[in-house]
Structure formats: C-alpha cells, structure tokens
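S.K.: In this note's numbering, the protein residues as written are 8 to 112. Following this message is one structure expressed as structure tokens.
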Amino acid sequence: MEFRIEDLTGIGEYNKKEFLSKEGEHEGELFLAPNGKVFLVQRKNTIEVRTDKNLSRLLREQYESVMTSRYFGNGGIEVVMSGQMSLDEIYDMARLSYNLSKELE
C-alpha cells in the first residue's frame with residue numbers, strides 16, 4: 008500500500024518542498040496549497056493531513072493506525088500506512104486537507 012500524490016485527483020495546483028528535521032536531515036516531503044499552506048506531510052511510513060478536531064477524534068477512535076499529527080497538532084492526523092485505513096479513505100482525507108488548507112488566510 009503506497010500513497011502517491013500523483014494519483015490524488017480532485018485537487019488543484021500544489022507545490023512540493025523537502026521536509027527537514029531540526030538537525031537538517033531529510034524527514035519527508037511537504038505539499039503546499041497555492042496559498043503556501045501545507046496540506047500534506049509525507050514521511051517514509053506515514054502521511055499527515057489537516058482535519059477538523061471532530062473528525063480527527065472520530066478517526067483516532069476508529070483506527071489504531073491514526074494518531075494526532077506531529078506537524079499539524081490537534082488540527083490534523085497522522086496515518087500509519089499499515090493497511091488498516093484504505094487507500095481510498097486516505098486519498099479522501101488528503102482532498103479534504105487540501106480544501107481546508109486552501110481556505111486558510
């Protein structure tokens with residue numbers, strides 16, 4: 008099971024940026040909406056997306072592989088790519104995150 012941003016449909020333009028740790032080491036990729044707000048963080052075994060707090064709580068209760076996002080905090084979730092959450096659901100969450108991020112000022 009592999010999330011590929013190229014397979015994500017239903018979103019507009021975005022930019023990709025390398026995500027570095029505080030020590031300057033490669034940690035993953037950041038994907039930014041046209042307004043410069045991050046909507047997706049892709050790491051080796053996880054992805055992080057922006058959500059609202061109610062959906063975040065619901066998904067954390069429903070799936071063991073979903074936790075509070077390290078990048079977005081309570082405003083997002085981090086999903087371990089274990090197969091517990093379907094790839095279609097993950098793509099849906101990425102679309103929602105893109106739309107939520109686009110609306111931010």
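By construction, the Cβ of each residue, glycine as well, lies at the ideal position given by its N, Cα and C atoms.
#1: Looking at the unbroken beta strand (DSSP E) that takes in residue 77, where does it start and where does it end?
#2: Give the range of the alpha helix (DSSP H) segment to which residue 106 is assigned.
#3: Closest by CA to residue 111, which one among 25, 39 and 44?
#4: Pull up the CB-CB distance for residue 86 and residue 53, whole angstroms please, since I reckon it's below 8 Å.
#5: Tell me, please, which residues DSSP counts as bridged to residue 22.
#6: Residue 23 and residue 38 look like a contact to me (Cβ under 8 Å); what is the Cβ gap, rounded to whole Å?
#7: Can the beta-carbon of residue 84 be found less than 8 Å from the beta-carbon of residue 108?
#8: Can you name, in chain order, every residue of its own chain whose Cβ lies under 6 Å from the Cβ of residue 73, other than the five neighbours on each side?
M.R.: The short version:
#1: Per DSSP, residue 77 lies in no beta strand (DSSP E) segment and is marked neither H nor E.
#2: For residue 106, the enclosing alpha helix (DSSP H) stretches over residues 94-110.
#3: In terms of Cα proximity to residue 111, the closest of 25, 39 and 44 is 44.
#4: By a beta-carbon distance limit of 8 Å, residue 86 contacts residue 53. Their separation comes to about 6 Å.
#5: In the DSSP output, where bridge partners are listed per residue, residue 22 has 39.
#6: With a beta-carbon spacing of about 6 Å, residue 23 and residue 38 fall inside the 8 Å limit used to define contacts.
#7: At least 8 Å separates the beta-carbon of residue 84 from that of residue 108.
#8: Non-local C-beta neighbours of residue 73 in its own chain, meaning closer than 6 Å and more than five positions away in sequence, comprise 66, 67, 84 and 86, ordered along the chain.
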